[in-house]
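Just add 31 to wherever you are in the sequence shown, counting from 1, and you've got my numbering. Written below as structure tokens is the structure these notes are about.
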Amino acid sequence: MSEPAVSDHSVEPPSAVDLGRWSEADRAARPQRVARLRERMEREGVDVYYGVRRENTRYLTGFALGDGEEKVAGVSGQFLVSIDEVVVLADSRYTLQAREECPEARVEQVYNDLPARW
Numbered sequence: 032m033s034e035p036a037v038s039d040h041s042v043e044p045p046s047a048v049d050l051g052r053w054s055e056a057d058r059a060a061r062p063q064r065v066a067r068l069r070e071r072m073e074r075e076g077v078d079v080y081y082g083v084r085r086e087n088t089r090y091l092t093g094f095a096l097g098d099g100e101e102k103v104a105g106v107s108g109q110f111l112v113s114i115d116e117v118v119v120l121a122d123s124r125y126t127l128q129a130r131e132e133c134p135e136a137r138v139e140q141v142y143n144d145l146p147a148r149w
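Rendered as structure tokens:
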């Protein structure tokens with residue numbers, strides 16, 4: 032038996048059309064995802080969900096930091112979900128990106144260490 036070759040597993044990279052289609056499907060699914068979170072919050076008696084994980088940020092708001100960027104982004108990309116609002120936190124470096132990627136959310140520009148200021 033021979034060793035597998037790279038060509039045995041090669042796949043064409045996704046096209047711009049594929050990426051656009053996936054992005055649109057992701058955007059269309061977000062309201063249902065947030066609704067499920069809100070249902071659970073209501074069942075558990077939780078008023079606000081504070082999201083800090085990069086994966087949850089993209090999944091629930093659409094805001095996407097690049098690989099490794101969370102190490103320098105501070106609170107940018109962290110978010111709050113209440114019963115009637117989604118708020119994405121972003122410092123001045125990420126405000127425009129957040130507004131573009133999260134049109135359904137309110138983007139709140141923050142500075143310095145937000146939890147320390149609370």
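Virtual Cβ for every residue (Gly too), placed ideally from N, Cα, C.
- Arg67 carries a helical assignment under DSSP once its states are collapsed to helix, strand and coil.
- It is roughly 50 Å from the alpha-carbon of Val77 to the alpha-carbon of Asp39.
- CA-CA distance, Ser41 to Phe94, rounds to 30 Å.
- Bounds of the alpha helix (DSSP H) holding Leu91 are 85 to 92.
- Between Ala66 and Thr88, the alpha-carbon positions lie close to 15 Å from each other.
- Straight across, the Cα-Cα distance linking Ser46 with Ala56 is about 15 Å.
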